[in-house]
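Residue numbers (this note's numbering): 1 to 413.
What follows is one structure encoded as structure tokens, with my remarks underneath.
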């Protein structure tokens with residue numbers, strides 16, 4: 001069988017064609033293939049009840065496809081015009097019933113020819129969507145939303161993915177806490193929901209969640225007694241665990257997370273599948289259970305660093321290494337991130353809480369204004385002005401003298 005070669009459409013020509021096909025079945029077919037990656041069989045079978053405008057996704061039988069804003073808005077307008085004609089998004093003009101896949105292909109072929117895109121097939125539009133997704137998402141994520149297994153995706157598209165893809169794969173998942181909160185409200189009475197709560201608010205790892213038993217849960221004291229550490233329960237998690245405990249019977253297994261039907265402990269692969277499915281249903285395709293745990297652990301580490309800076313006045317990379325058990329590189333990365341977020345200010349080799357010191361970029365102007373007002377200053381005066389250590393102030397003043405910004409006479413500036 002001859003392998004299909006990907007022929008990417010001319011985007012400008014395709015957009016002109018879509019502009020012309022605003023309310024036609026042809027426009028719906030082309031958009032669903034190019035902007036949602038649907039196959040012709042999926043387009044033929046798609047019903048309006050599978051289009052979730054509120055959650056911004058298509059709920060197919062085997063996968064959930066997130067909708068871009070542009071195609072979601074267009075689908076809503078199309079629904080207002082044609083939604084009452086049939087339960088199918090693309091329906092037969094005669095009967096209003098499901099359109100056959102062969103008819104879908106003919107509609108697309110004629111429309112593409114009219115738009116000057118001869119030689120481009122409906123499958124090419126889907127493949128172009130997959131390639132665009134691969135620029136932003138990793139292989140497993142695109143596999144989930146496209147319904148194509150990772151090996152098949154890599155066999156067909158790896159040669160066409162640009163080098164920027166490796167950067168996208170390495171990028172950490174972005175956590176939308178509002179969307180996550182909505183998922184947790186929907187899933188809170190399910191095993192997946194409870195596992196997500198334990199990871200997000202308690203920082204438990206997948207193995208700890210799967211192994212957690214009721215004898216490790218102290219509801220009276222509000223804590224989890226794990227191996228090597230005790231974790232205080234948040235009010236929300238304590239309430240959920242109390243409700244879950246009240247539903248258990250003496251015959252139930254002592255593990256906290258049980259399957260809903262068989263009431264058996266959940267192993268790690270099953271736990272991963274359950275939580276991934278819940279996150280995908282909620283529109284968080286790029287987030288995994290481990291990401292929630294890392295976010296909680298990172299938040300705890302950040303809080304510890306900020307508390308140390310507040311208590312000691314400042315902290316160094318060595319302080320961060322000692323406090324969190326990090327390598328030099330990891331400690332620098334953590335402090336740099338907090339600095340970029342505006343939570344810390346770096347002055348030389350030390351880090352201060354934001355608002356407690358004069359930022360380096362403002363120091364020359366602040367010193368100049370002080371000297372114009374007072375005439376001269378000693379090092380301790382400038383250190384108090386900048387709210388930094390005297391040793392650091394000496395380095396700052398030396399650099400300003402070397403640049404000719406200040407003049408030093410003895411101990412005066």
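Positions of the beta carbon are idealized from the N, C-alpha and C atoms, including for glycine.
Everything numeric in this text was worked out from a predicted model, so none of it was measured.
DSSP links residue 412 through a beta bridge to 409. 7 Å or more divides the Cβ of residue 99 from the Cβ of residue 105. Between residue 81 and residue 31, the beta carbon gap of about 14 Å keeps them out of contact (Cβ cut-off 8 Å).
Taking the Cα positions, residue 379 is about 47 Å away from residue 293. The Cβ atoms of residue 278 and residue 369 do not sit closer than 7 Å to each other.
DSSP places residue 88 within a strand segment (E or B) once states are collapsed to three. Taking 7 Å as the cut-off, the Cβ atoms of residue 125 and residue 200 do not count as close. Annotated three-state conformation of residue 64 is strand, per DSSP. Under DSSP, residue 218 forms a beta bridge with 223. Annotation for residue 302: 334, 338, 343 place their beta carbon closer than 8 Å to its own, counting only its chain and skipping 5 residues before and after. Excluding its 5 nearest sequence neighbours in each direction, residue 42 has C-beta neighbours in its own chain below 7 Å: 60, listed in chain order. Under the DSSP assignment, residue 191 falls in the alpha helix (DSSP H) whose first and last residues are 191-202. Judged by DSSP in its simplified three-state form, residue 265 adopts strand. When DSSP reads this structure, residue 9 sits in no beta bridge, so it has no partner. Taking the CA atoms as reference points, residue 321 sits about 16 Å from residue 312. Contact between the region 379-393 and the region 348-358 is established, with three or more Cβ pairs separated by less than 8 Å. Rounded to whole angstroms, the separation of the alpha carbons of residue 262 and residue 246 is 18 Å. Between residue 223 and residue 233, the CB-CB gap stays under 7 Å. At a cut-off of 4 residues, the continuous stretches assigned as alpha helix (DSSP H) that sit fully inside the region 277-365 are 289-312, 317-324, 328-340.
Selection 142, 400, 24 evaluated against residue 161 yields 142 as nearest (Cα-Cα). In this structure, DSSP gives residue 249 a state outside helix and strand, which the three-state scheme calls coil. Secondary-structure assignment with DSSP links residue 151 through no beta bridge to anything.
Contact check between the region 178-198 and the region 11-26: fewer than three CB pairs, one atom from each, fall below 8 Å, which does not count as touching. Beta-carbon to beta-carbon, residue 36 and residue 17 are separated by about 17 Å, too far to satisfy the 8 Å threshold. Annotation for residue 21: no beta strand (DSSP E) segment contains it, and DSSP assigns it neither H nor E. Counting every other CB atom within 10 Å of its CB across the protein chains shown gives residue 288 a total of 16 or more, marking it as buried. If you look at residue 101, you'll find it in the alpha helix (DSSP H) that goes 101-114. About 6 Å separates the beta carbon of residue 283 from that of residue 56, a gap short enough to meet the 8 Å contact definition. In the structure shown, the three-state DSSP call for residue 120 is coil.
Around the Cβ of residue 137, a 10 Å sphere holds 16 or more other Cβ atoms; the residue is buried. According to the DSSP assignment, residue 71 belongs to the alpha helix (DSSP H) that extends over 69-82.
The DSSP-derived three-state label of residue 59 is strand. Comparing alpha carbon positions, the residue from 209, 241, 242 closest to residue 227 is 209.
Here residue 158 is exposed: its Cβ has fewer than 16 other Cβ atoms, across all protein chains shown, within 10 Å. When C-alpha distances from residue 280 are compared across 290, 383, 144, the shortest belongs to 144.
For residue 141, the enclosing alpha helix (DSSP H) starts and ends at 139-146.
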